[in-house]
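*Asks:* Add 366 to a position in the sequence shown, counting from 1, and you land on the number used in the working numbering.
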Amino acid sequence: MISTASEFLYRAQVGAKVLASRALGRLRRTEGQIIPLRFYRDSDGWFVDLPNWPGPKAALAMVDGADTFLERIGKRNPEVLIEISTQPQPESEWFSVNYVQRHPAGDGAYYRTLHFGQPHDMWLCGVTEYVLGRMPEIIYVRLNNVHN
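1. Using CA atoms only, rank isn't needed, just tell me which of Asn-443, Glu-457, Ile-448, Arg-478 is closest to Arg-468.
2. Is Leu-490 helix, strand or coil when you go by DSSP?
3. Give the DSSP-derived three-state secondary structure of Arg-404 in the structure shown.
4. Among Asp-430, Glu-437, Trp-412, which has the Cα closest to the Cα of Ala-475?
5. Could you give the distance in angstroms between the alpha-carbon of Pro-470 and the alpha-carbon of Thr-494?
6. Beta-carbon within less than 7 Å of Phe-435's beta-carbon, same chain only, minus the 5 sequence neighbours each way: which residues are those?
7. So, for Pro-454: in the same chain, excluding its five sequence neighbours on each side, which residues have a beta-carbon less than 7 Å away from its beta-carbon?
8. Give the single residue among Leu-403, Ser-451, Thr-452 whose Cα lies nearest to the Cα of Met-428.
9. Excluding sequence positions up to five away, which residues of its chain have a Cβ less than 7 Å from the Cβ of Pro-444?
10. Would Ile-401 and Ile-450 qualify as a contact pair, given that the criterion is a beta-carbon distance under 7 Å?
11. Does Leu-480 pass the burial test, meaning 16 or more other C-beta atoms within 10 Å, or should it be called exposed?
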């Protein structure tokens, strides 16, 4: 049961974001593409750079483990370039990020990688559906380049 007006508003905003992300993502992508992504850290934190994103910058924030994932993979550089795919890729260059469970509010899902030699969990919000068209079971990742 929703207990407050602010919680109701939050859930309504999440629902709208998720529905828009799914619809737009299904229009934008074909299965199996390798998608380059740029992440950057500014004074507000980590964000994914999606120039055509129709929503607010705040929805592109990397939080709840995704931020520390970027810190680790990027070796603390303020910019990280990766490529992602939903199709299996050569293990020598790519690693996997695996679906764990749906987010309780329906906004994306929790994922886990063993890339760092131990489990690292992170939340990937519904913007993932904008990028990939869905929340896949496995996302394959390759570090493309890191800038200072």
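C-beta: ideal position from N, C-alpha, C; glycine also. Everything numeric in this text was worked out from a predicted model, so none of it was measured.
*Replies:* In short, the structure shows the following:
1. Nearest C-alpha to Arg-468: Arg-478.
2. In this structure, Leu-490 counts as strand in the three-state DSSP scheme.
3. Assignment of Arg-404 by DSSP, reduced to helix, strand and coil, places it in the strand class.
4. Taking only the C-alpha atoms, the option nearest Ala-475 is Asp-430.
5. Cα to Cα, the separation comes out at about 16 Å.
6. Result list for Phe-435: His-486, Met-488, in chain order.
7. Only Tyr-506 meet the Cβ criterion.
8. Looking at Leu-403, Ser-451, Thr-452, the one whose alpha-carbon comes closest to that of Met-428 is Leu-403.
9. Within the same chain, Pro-444 has close Cβ partners Tyr-406, Arg-407.
10. Note that the C-beta distance between Ile-401 and Ile-450 is below 7 Å.
11. In summary, Leu-480 is exposed, with fewer than 16 beta-carbon neighbours lying within 10 Å of its beta-carbon over all protein chains present.
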